[in-house]
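Enquirer: In my numbering, the protein residues as written are 4 to 262. Glycine included, each C-beta is placed from N, C-alpha and C at the ideal position. Every value quoted in this text rests on a predicted model; they were computed, and no experiment measured them. Supplied in structure tokens, the structure appears directly below.
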DNA sequence: ATGGCCTGATCTTCAGGA
């Protein structure tokens with residue numbers, strides 16, 4: 004069974020590439036982030052024609068998450084239970100579903116903007132709410148994973164130049180501690196293989212030739228419980244999907260499971 | 001080759017991304 008996570012940066016703009024990638028990669032379940040569409044705009048029909056059911060949590064121009072599955076889609080949870088809002092708004096940043104033998108959360112963690120910004124405090128609260136929400140599944144016997152765009156680089160090796168990020172979000176001790184607390188529920192970081200270069204970056208800024216120069220970050224993560232991690236046969240970043248005309252700024256992380 | 005920001009809406013200018 005092949006699962007993957009991909010921040011597509013607008014499912015509307017990315018749809019042709021998404022459909023091509025789903026077919027060519029043979030992915031059974033894809034967790035999507037940053038759909039940037041309303042529920043009504045979500046391309047359910049196009050995906051159904053390829054054999055995928057869609058579970059969608061989206062409300063407009065920002066955020067939006069989904070789970071696409073060819074192997075069943077049950078027990079969908081829309082939104083993070085007891086998750087914090089921002090400016091009084093509950094944003095669509097998390098959705099969970101059971102796909103065959105595996106339960107998955109597709110998450111788009113708040114960016115944080117700047118250290119000390121209200122959005123940064125929101126990010127930390129959101130990660131704590133995520134930890135609380137997954138505790139039971141993480142300790143269970145069913146393969147379970149929290150996948151998506153975490154907007155945190157777990158270690159200094161996960162950014163191309165640590166010095167450039169000094170004082171910025173994504174690398175702070177508080178953010179990394181929040182990830183450590185999440186792992187403390189029984190989840191481990193399923194680190195993918197890079198298909199080129201040393202580090203398995205998953206995001207490269209559109210600007211300044213970051214992709215050709217491999218100035219990237221590993222912020223799209225797969226955190227799996229013991230039954231999930233024990234079933235992993237292979238995992239890699241499909242950097243080919245970052246190439247060419249009209250890519251997302253994130254590449255898919257692919258995980259092959261023996262389940 | 002992998003190439004110098006992109007997306008959606010407030011719509012020709014801006015917020016947000018990370």
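(1) Relative to the C-alpha of residue 252, which residue among 258, 261, 43, 242 is closest?
(2) Report yes or no: do three or more beta-carbon pairs, one from the segment 47-57 and one from the segment 82-95, lie closer than 8 Å?
(3) According to DSSP, is residue 52 part of a helix, a strand, or is it coil?
(4) Between 8, 194, 234, 145, which has its C-alpha nearest residue 71's C-alpha?
(5) Could you give the first and the last residue of the continuous beta strand (DSSP E) run that contains residue 6?
(6) Compute the beta-carbon to beta-carbon distance between residue 82 and residue 97, rounded to the nearest angstrom, for a pair I have assumed lies under 8 Å.
(7) With DSSP as the reference, label residue 80 as helix, strand or coil.
(8) Starting from residue 233, trace the alpha helix (DSSP H) both ways and give me its first and last residue.
(9) Take every Cβ of the segment 34-49, pair it with every Cβ of the segment 119-127, and state whether three or more of those distances are shorter than 8 Å.
(10) Counting C-beta neighbours from all protein chains within 10 Å, is the total for residue 21 16 or more, i.e. buried, or is it exposed?
(11) Can residue 87 be considered in contact with the ligand SAM, in the sense that its beta carbon sits closer than 7 Å to one or more heavy atoms?
(12) Please classify residue 167 as buried or exposed, where buried requires at least 16 neighbouring CB atoms within 10 angstroms.
(13) Just checking my contact of residue 226 with residue 162 at CB under 8 Å: how many whole Å lie between their CB atoms?
(14) Would you mind sorting residue 77 into buried or exposed? The rule is 16 or more other CB atoms within 10 Å of its CB.
(15) The beta strand (DSSP E) spanning residue 14 covers which residue range?
(16) Please work out which residues of its chain come closer than 7 Å, Cβ to Cβ, to residue 221, disregarding the five sequence neighbours upstream and downstream, and give them in chain order.
(17) From the DSSP output, read off the bridge partner residues of residue 225.
(18) Which runs of the beta strand (DSSP E) fall wholly inside the segment 134-203 and span at least 3 residues, in chain order?
(19) Of the choices 233, 154, 234, 262, whose alpha-carbon is the least far from that of residue 224?
Expert: Considering the structure as presented:
(1) 242
(2) no
(3) helix
(4) 8
(5) Run containing residue 6: 5-10, per the beta strand (DSSP E) assignment.
(6) 6 Å
(7) strand
(8) 229-233
(9) With the cut-off at 8 Å, the segment 34-49 and the segment 119-127 do not touch.
(10) buried
(11) Within the structure as shown, the ligand SAM is missing, as the structure has no ligands at all.
(12) exposed
(13) Rounded, the Cβ-Cβ distance is 19 Å, inconsistent with contact.
(14) Exposed is the call here.
(15) Premise fails: residue 14 lies in the alpha helix (DSSP H), 14-28, not in any beta strand (DSSP E).
(16) 156, 161, 202, 203, 204, 205
(17) 150
(18) 147-152
(19) By alpha-carbon distance to residue 224, the top candidate from 233, 154, 234, 262 is 154.
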